[in-house]
Amino acid sequence: MEKQTYTDEEFNSLVTDLVQAIRKQKLVIFVGAGVSISQGYPNWNDYVTHLIKYWQSYLLNIENVSIGREKYLVFDTISKSNLNNKRKVDLVNHSLKSILGEEEFKKNRLNFEKNYFEKLVPYQPSNEILEALVNIDAIFVTSNYDLEIEKHAQRLRNSVKSINDLQEFVINNDSKLEWGDILHIHGTPHCDPNFFVSSSADYSKTYHKEKHNFEQLKKWFSTKNLTVLFVGVSLEEDEILSLLAPKNKHYALMKADKTNDPKIDKEYRNLYSTFFKNENHTSIIWYGSSFDDLPVFIKKLTDKINEETGLSPQNREWQLLLNPISTEDEVINALNNNADNGTFLNALYKKILTLNDKEIPELILHSTFKSNVVKNTVINNFDSFWNFVDQNKESLSLEEWKILKVLFSKGNQNYYINSLYNLYKYGIDYQKISIDELVNIRSAIGTTASIPFTKFIKDCDLMGYWFINQFTPKDSKDTYSKSIYLTNDVKEKLKLNLNSSQIIELINTVELSQEIIPYSIEELISEGGILEILYILLSKNHIFINEESLLEKIPEELISRKVIQKILVKLDNDISLESNLVEKLINNINFNDQTFGSELNSFVQRHSSELEKQQILPLDNYHELITGGASFIVRNNSFITVEQILNLSEQELLNILLTSQENQFNPKKPWEENTVNATIDFCIELLTNNSNKELQEKFWTFLSNNSKKLFNRYSSLFYKLAIIEELPKNIINFSISTCLENMNDNHFSHDKEKFFTYFVQQNNLNTQIINKLFSISPNNLDSSLSDNKTFDISLFINSELGKYLITLIELAIKHKKYITDIKEKIDNLSHGPYKQFMKGVFLYEYDISTEIVNYETFLGYIYYHIGMPDNIRKLFEKLVSNLLKTKINDNNALSYALLIALDYIEPREIMFQHNNFNYMVNLIFLSQEKFRYENDWLKQLILQKIKVIIFFHHLHILFKKINLTAINT
63 MEKQTYTDEE
73 FNSLVTDLVQ
83 AIRKQKLVIF
93 VGAGVSISQG
103 YPNWNDYVTH
113 LIKYWQSYLL
123 NIENVSIGRE
133 KYLVFDTISK
143 SNLNNKRKVD
153 LVNHSLKSIL
163 GEEEFKKNRL
173 NFEKNYFEKL
183 VPYQPSNEIL
193 EALVNIDAIF
203 VTSNYDLEIE
213 KHAQRLRNSV
223 KSINDLQEFV
233 INNDSKLEWG
243 DILHIHGTPH
253 CDPNFFVSSS
263 ADYSKTYHKE
273 KHNFEQLKKW
283 FSTKNLTVLF
293 VGVSLEEDEI
303 LSLLAPKNKH
313 YALMKADKTN
323 DPKIDKEYRN
333 LYSTFFKNEN
343 HTSIIWYGSS
353 FDDLPVFIKK
363 LTDKINEETG
373 LSPQNREWQL
383 LLNPISTEDE
393 VINALNNNAD
403 NGTFLNALYK
413 KILTLNDKEI
423 PELILHSTFK
433 SNVVKNTVIN
443 NFDSFWNFVD
453 QNKESLSLEE
463 WKILKVLFSK
473 GNQNYYINSL
483 YNLYKYGIDY
493 QKISIDELVN
503 IRSAIGTTAS
513 IPFTKFIKDC
523 DLMGYWFINQ
533 FTPKDSKDTY
543 SKSIYLTNDV
553 KEKLKLNLNS
563 SQIIELINTV
573 ELSQEIIPYS
583 IEELISEGGI
593 LEILYILLSK
603 NHIFINEESL
613 LEKIPEELIS
623 RKVIQKILVK
633 LDNDISLESN
643 LVEKLINNIN
653 FNDQTFGSEL
663 NSFVQRHSSE
673 LEKQQILPLD
683 NYHELITGGA
693 SFIVRNNSFI
703 TVEQILNLSE
713 QELLNILLTS
723 QENQFNPKKP
733 WEENTVNATI
743 DFCIELLTNN
753 SNKELQEKFW
763 TFLSNNSKKL
773 FNRYSSLFYK
783 LAIIEELPKN
793 IINFSISTCL
803 ENMNDNHFSH
813 DKEKFFTYFV
823 QQNNLNTQII
833 NKLFSISPNN
843 LDSSLSDNKT
853 FDISLFINSE
863 LGKYLITLIE
873 LAIKHKKYIT
883 DIKEKIDNLS
893 HGPYKQFMKG
903 VFLYEYDIST
913 EIVNYETFLG
923 YIYYHIGMPD
933 NIRKLFEKLV
943 SNLLKTKIND
953 NNALSYALLI
963 ALDYIEPREI
973 MFQHNNFNYM
983 VNLIFLSQEK
993 FRYENDWLKQ
1003 LILQKIKVII
1013 FFHHLHILFK
1023 KINLTAINT
């Protein structure tokens, strides 16, 4: 056995330093060409040779350009010359510029690299060295042009950031690197060609002539107390070595070349190590004598690091599952270990969908169907799983289709997932599902109330199963109380086909066999239940029996049912049925039933001749058994209960929350109503009350999995959760993201206002939230002033537009840097009164010498400023003079108007009968301020008081005379 070229002490010291750096997020791994070469990428010599050949071929294929033979053949001379590779690239670039021109060359400079490093697949799809390195938390820096670090990291992480060149590092990354960043110091095929480094001239420009960007990188290296690990790097470039700061720790993994004399080998390694330790502050680790030893050493190193840092079994299994060289048995075992871990599986299938890789999806697909994952209901509602299977459906074997059909036949999937329908349709179209299997699958799917809202509505046969399930109540006593909510567009699209057995089932349902129907058909249909659906289907001729129109082939057993008769009678009254169907209807209706319903009166009148022919004598005034109802004081309840959360599937809970109608009358409990608001309060109580952690976690999993579907109806819930500080951070952050992704920008509700106001008042702003606030167009919001001539502060406060503008005001108060952006919003407002109000609020941001003010400007100022300096009083002088001649309804406005009047308005101009001037007396006597016209106003106010006293004195005398006259007579 070959002797180890490094000591245990060296290895352990390396592990210790790397682990400490990882914990402080201070580890940088510098990856060199040696790592890529091991995967089949070219070495530097091959790269330059192929580059020259590419450009030779390129020059021959340029349209409308002829070049001299010598200009073409000179590329051969360059390739064969003894020049170093960088200088060869210099000459190639120089020649191309002379032929193509500077701009054309720059535009096409990276054509070769885009093809060479992206279209050509390396010998090995997986790089063992990178596979191990990306498993540890580090910042990556590389001189390689390829994107293999990114490809390997993306399998394991959601956050991978590629920085294509040094200019991008400075401009876009603010000269900083963070965990997850991958910096290409010499560029990539996607970088700015000006900062791609491949020639001597490029090196000189980057490291010497225009070295600002590189200096910024050196500065970052020198100030961060980093630990740097070099892998596959020769350490021959002084420019790279200049990054190594004395206070950082540096390790380089080097191959220990061997001669025939071990003593000389040892001396060479010692000399090499001490040189780099003394001159470049770098410890050399001799990983082995062959490059094949490097992956083995890296695997040993990363395993030890993961052991020290406490990498969980789940993380190890995640790495294994996303490694294309893992065996099927290893993958199946990892999947089995996580078969009931919904969070893990959901993340796994999401990640696989993002990979540009053929081998991993194939391996995971077949392993999944051999594992316990498909035996567990946890995957039923994950769109990631079904999207993954759908994307790879053509690779499914017959055995895997058998398993898939069993899953379908069990039901309880999230049928809003389009991929589920795609698989179902594919199975039918390509005969993967037999007729008998299809009956079972349709029967299972048809039990889900919300199926019409999904793509499954396209299958008329499946919708037949759904219809029968909706028409047949689970509780036989619950006649007619089953409500179904369908949107108008769904009602338009809905078509269904019933088979013979389903017709029999329909005939035998409780509703259809119920002969005493107490309510009018109008009432029953207007409640939005299954009878309304049946009426719409019949009116559009969208219901079939064995693919023939039900109206044309209606069975006698069905038309004999009273509820069907009532619907058909209404239908005939509304749109007129075919004569043969009317005849059938007449033959089946009991015209001696006085309580058949009032709809029969019109029918009898319209078909009097047919009735007469059949010698049927109808009664007068058919009516309902029950009309109207009593009123109740009701208690508001949630749509869902704790018991349902614990016992029902996610899909069943979702159906209840999405389809339950508010204030729906329950004949069993007429004193109770279920409402959205009560449901939201219940959800918040559940998530803030920590008495049952298991219940909390289960319910939050449900909410987070279905947030997009729930948001439209329960947006207030997520707005409220986002600002409840005692909630866990993951709930708060998820709620924030849900709100930002799904909110309707054309409305600004009270809860949305509270959401934004909470965040604008924080010291540390969430820029995503602020950006979202500014993305809303205030001109699309309701102002509540369209029918009001006078601006009213209460209407402003309570309108959607007012709430939005108040939020901007709060932002400006707390964070003045946004005032310019807010002014832009104000200037673009189309609603004049609100625009002027906001100008009053931000009056100091405008040129008051030119600004035209009105009553709304005045209100905006006084409601958001304390006190009023002289220049502002002067600004509003003329406005106030006119206001005091009318009734001022706003008390705050009146107070400030009187303040301005004392200084700038003579009282003779004012009519006193419109407003109460008592507040002015308080200003005069209680204020320390001396007002210009206060004496004049005081005289006028006393005079007005005297006039009032005289008036009442005369009135008193008048009444006294009237009373005396009455006594004398």
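In my numbering, each number is its position in the sequence shown, counted from 1, plus 62. Note that the Cβ used here is the ideal one computed from N, Cα and C, for glycine as well. Bear in mind the structure is a predicted one, so any value in this text is a computation, not a measurement.
Cβ-Cβ separation, D452 to N484 (assumed contact under 8 Å), whole Å:
About 5 Å; that satisfies the 8 Å criterion.
Once the 5 residues before and after S562 are set aside, which same chain residues still bring their CB inside 7 Å of it?
The residues are N608.
Kindly indicate the opening and closing residues of the alpha helix (DSSP H) around A963.
From DSSP, the alpha helix (DSSP H) with A963 extends over 953-966.
So if DSSP puts S224 in a beta bridge, which residue, or which two residues, is it bridged to?
Residue pairing by DSSP places S224 opposite I244 in a beta bridge.
Quick one: what does DSSP say Y330 is sitting in, helix, strand or coil?
In the structure shown, Y330 sits in a helix (DSSP, three-state: H, G or I).
So the beta strand (DSSP E) N559 belongs to, where does it begin and stop?
That run of the beta strand (DSSP E) goes 558-560.
Sheet register partners of N736 (DSSP bridge)
Answer is N699.
Just checking, does the stretch 152-162 make contact with the stretch 342-357 on the three C-beta pairs under 8 Å criterion?
These segments do not touch.
Once DSSP output is grouped into helix, strand and coil, what is the label at K1023?
Here the model assigns K1023 a pLDDT of 47, short of 50, so the residue's position is not dependable, and the following value carries that caveat. Helix.
Helix, strand or coil at A318 [DSSP, three-state]:
Correct three-state label for A318: coil.
With 16 other Cβ atoms within 10 Å as the buried cut-off, status of N418:
In this structure N418 is exposed. Its beta-carbon is surrounded by fewer than 16 other beta-carbon atoms within 10 angstroms.
Determine the DSSP secondary structure at L460, reduced to helix, strand or coil.
L460: helix per DSSP, three-state reduction.
Would you kindly work out how many angstroms separate the C-alpha atoms of N34 and E886, rounded to a whole number?
Residue 34 lies beyond the stretch modelled for the chain, which goes from 63 to 1031, so this question has no answer here.
Along the chain, where does the alpha helix (DSSP H) that runs through T139 open and close?
In the DSSP assignment, T139 falls within the unbroken alpha helix (DSSP H) covering 131-142.
Length of the line joining the Cα atoms of P187 and K148:
Whole-angstrom Cα-Cα distance: 29 Å.
Taking the alpha carbon of F447 as the reference point, which residue from S471, Q475, L356, L460 has its own alpha carbon closest?
Nearest to F447 by alpha-carbon distance, out of S471, Q475, L356, L460, is Q475.
Alpha-carbon to alpha-carbon, L460 and Q118:
Roughly 52 Å separates the two Cα atoms.
Can you look up Y684 in the DSSP assignment and give me helix, strand or coil?
When secondary structure is reduced to three states using DSSP, Y684 falls in the coil class, being assigned neither helix nor strand.
Bridge-paired residues (DSSP) for V97:
Looking at the DSSP assignment, V97 forms no beta bridge with any residue, so it has no partner.
Anyone know if the C-beta pair for L964 and E996 falls short of 7 Å?
Yes; because the gap between Cβ atoms is below 7 Å, this pair is in contact.
Let me know the secondary structure DSSP gives S75 once reduced to three states.
Reduced to three states, the DSSP call for S75 is helix.
Could you work out which residue in L305, T289, V295, K267 is closest to K281 when comparing CA atoms only?
Selected option, being the one with the closest Cα: L305.
Could you tell me which whole alpha helix (DSSP H) segments of length 4 or greater appear in the stretch 767-836?
Listed in chain order, the alpha helix (DSSP H) runs fully inside the stretch 767-836 are 769-783, 791-804, 812-822, counting runs of at least 4 residues.
In this structure, how does DSSP classify Y313 when only helix, strand and coil are distinguished?
If DSSP states are grouped into helix, strand and coil, Y313 belongs with the strands.
Tell me which residue opens and which closes the beta strand (DSSP E) that Y349 is part of.
Here the beta strand (DSSP E) through Y349 covers 344-350.
Apply the 10 Å Cβ neighbour rule to H428 and answer buried if 16 or more other Cβ atoms are within range, or exposed otherwise.
With 16 or more other Cβ atoms within 10 Å, it is buried.
Would you decide whether P357 is buried or exposed? Buried here means 16 or more other CB atoms lie within 10 Å of its CB.
Buried: at least 16 other Cβ atoms inside 10 Å.
Which term fits Q830, buried or exposed, when burial requires 16 or more other beta carbons within 10 angstroms of its beta carbon?
Result: exposed.
Quick one: Cα of L630 to Cα of T571, how far?
L630 and T571: Cα-Cα distance of roughly 18 Å.
What is the DSSP secondary structure of N728, reduced to helix, strand or coil?
Note on N728: pLDDT 49, under 50, position unreliable in the model; no value is reported.
Limits of the unbroken alpha helix (DSSP H) element including F450:
Counting along the chain, the alpha helix (DSSP H) containing F450 begins and ends at 445-453.
What does the Cβ neighbour count give for T389, buried or exposed, with the cut at 16 atoms within 10 Å?
T389 comes out exposed.
If you draw a straight line from the C-alpha of H809 to the C-alpha of S861, how long is it?
Going by the C-alpha atoms only, they are around 10 Å apart.
Measure the beta-carbon distance from Y207 to P255 and round it to whole angstroms, keeping in mind my assumption that it falls under 8 Å.
Not quite, the Cβ-Cβ distance comes to about 13 Å (not below 8 Å), so this is no contact.
Who does E610 pair with in a DSSP beta bridge?
Beta-bridge pairing by DSSP links E610 to I607.
From Q229 to F821, what distance separates their C-alpha atoms?
Their Cα atoms are separated by approximately 35 Å.
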